[in-house]
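Trainee: Please find one structure pasted underneath; my questions will follow.
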Amino acid sequence: MLPAMLLALSQMLIGPSQAAAAATGGVVPLSSLSLRVTDADIQPAVTVKQFDNRTVEEYRVNNNVYMLKVTPDAGPSYYLVDEDGSGEMAWRRGTQGMDDTVPQWTLMSW
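Residue numbers (mature numbering (1 follows the signal peptide of the UniProt record, and there is no 0)): -19 to -1, 1 to 91.
See the structure below:
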C-alpha cells in the first residue's frame, strides 16, 4: 500500500513522465518526450543597450548570451563571441578582410 501511495504522490509532484521513470528504474520512453523544436526556440533574443560612447547588442538563445556586438561612436564595430559555450567571450573584428594585426610604421631610419 505504501509504494502505491508514494507512486501517486510522486506523479502529483514531479509529473507523470518522471514518476514513470522512477517506477521503471530511471528509463523514460522516447514517446513521452517532446522532441519538437519551434522557431521561437532557436531565434535569438536581441537586447540593445545604449551607453555614452557605444551601443551594445546582446544576442541570447535560451537565456544564454552567445554573442555581443559592440558599436562604438567612433570606429568599426566588433564582436565578442562565446565559441564553446563556456561563458568566456572571444574577440572578433566586425569588418571582413581586415587583419587582427597592429599597424606598424617606420617613422625614422638611419
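Virtual Cβ for every residue (Gly too), placed ideally from N, Cα, C.
Check the DSSP bridge columns for ASN43 and list the partner residues they point to.
Mentor: Sequence index remark: in the sequence shown, residue 43 carries index 62 (1-based). Paired residue(s): none; ASN43 is not in a bridge.
Trainee: On a Cα-Cα basis, can you pick out the residue from ASP65, SER12, GLY56, VAL29 that is closest to LEU49?
Mentor: Translated into positions along the sequence shown, residue 49 becomes position 68. Looking at the Cα atoms, VAL29 is the closest of the given residues.
Trainee: May I have a chain-ordered list of the beta strand (DSSP E) segments no shorter than 3 residues that lie completely inside the segment 21 to 73?
Mentor: 26 to 31, 35 to 42, 45 to 53, 59 to 62
Trainee: Please determine, among LEU16, ALA55, ASP63, the residue with the shortest C-alpha to C-alpha distance to VAL42.
Mentor: Numbered from its first residue, the sequence shown carries residue 42 at position 61. When only C-alpha atoms are compared, the closest one is ASP63.
Trainee: To the nearest angstrom, how far is it from the Cα of PRO57 to the Cα of VAL51?
Mentor: On the sequence shown, position 76 is the one that residue 57 refers to. On the sequence shown, position 70 is the one that residue 51 refers to. Rounded to the nearest whole angstrom, the CA to CA distance from PRO57 to VAL51 is 9 angstroms.
Trainee: Distance cutoff 8 angstroms, beta carbons only. Does ASN34 sit that close to anything in chain C?
Mentor: As a matter of chain content, chain C is missing from the structure shown, which is built from one protein chain.
Trainee: To the nearest angstrom, how far is it from the Cα of VAL8 to the Cα of ARG17?
Mentor: Reading the sequence shown from its first residue, position 27 is the one you call residue 8. Reading the sequence shown from its first residue, position 36 is the one you call residue 17. C-alpha of VAL8 to C-alpha of ARG17: approximately 20 angstroms in a straight line.
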